[in-house]
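In the numbering used here, the protein residues as written are 29 to 143. Where a beta carbon is used, it is the ideal one built from N, C-alpha and C, also for glycine.
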Amino acid sequence: MNLANKPPLGLRAPATVSDKIRRSARGQPCTLRIPGVCTGDPETTVACHVQAPGMGAMGGKQSDLHVIHGCRDCHSVLDNRALWADAAIGWDDVLRALIETQDRLMRAGLLQVKG
29 MNLANKPPLG LRAPATVSDK IRRSARGQPC TLRIPGVCTG DPETTVACHV QAPGMGAMGG
89 KQSDLHVIHG CRDCHSVLDN RALWADAAIG WDDVLRALIE TQDRLMRAGL LQVKG
């Protein structure tokens with residue numbers, strides 16, 4: 029459930045898979061930047077899938093449209109929500125990182141808005 033206490037709208041389309049988007053994370057700065065956690069090492073950056081509660085199949089990946097460029101350690105925290113409180117991370121941080129990553133992907137020509 030979300031803050032409105034409503035289930036997701038059920039707009040679950042087949043996941044978009046893009047090797048180019050996944051590979052584009054390599055060498056990029058981490059957009060999550062969790063204080064006290066982030067390594068700051070772009071060589072460990074990968075495309076981290078954002079998994080919102082109730083928005084995906086168990087064990088399945090979200091679409092490659094919903095990725096954050098995250099270093100190894102920030103990725104570990106993102107994937108284990110039990111660590112979020114200790115790492116001082118919230119959904120506002122995830123949203124900011126998602127927006128920054130999508131802006132980066134648009135500038136690289138990997139995401140396009142038509143119409």
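Only residues of its own chain outside the window of five on either side were considered, and among them C58, L60, C99, D101 and C102 have a CB closer than 8 Å to the CB of C66, listed in chain order.
Residue nearest to A136 within the set D47, V45, S52 and S46 is S52 (criterion: CA-CA distance). The DSSP-derived three-state label of V122 is helix. Looking at the DSSP output, H103 sits in no beta bridge, so it has no partner there. Remark: C-beta atoms of D114 and S46 do not approach each other more closely than 7 Å.
R124 and H97 do not touch by the CB rule: their CB atoms are close to 12 Å apart, not below 8 Å. In this structure, L126 lies away from V74, with their beta-carbon atoms at least 7 Å apart. Shown here, A75 sits in a strand according to DSSP, grouped into three states. Cβ contact annotation for T72 (same chain, cutoff 7 Å, sequence separation greater than five): C99 and R100, in chain order. In the displayed model, I62 falls within coil according to three-state DSSP, outside both helix and strand.
Straight through space, the alpha carbons of P70 and G55 are spaced by roughly 5 Å.
For the options H94, K142, L111 and W119, the alpha carbon positioned closest to that of Q130 is the one of H94.
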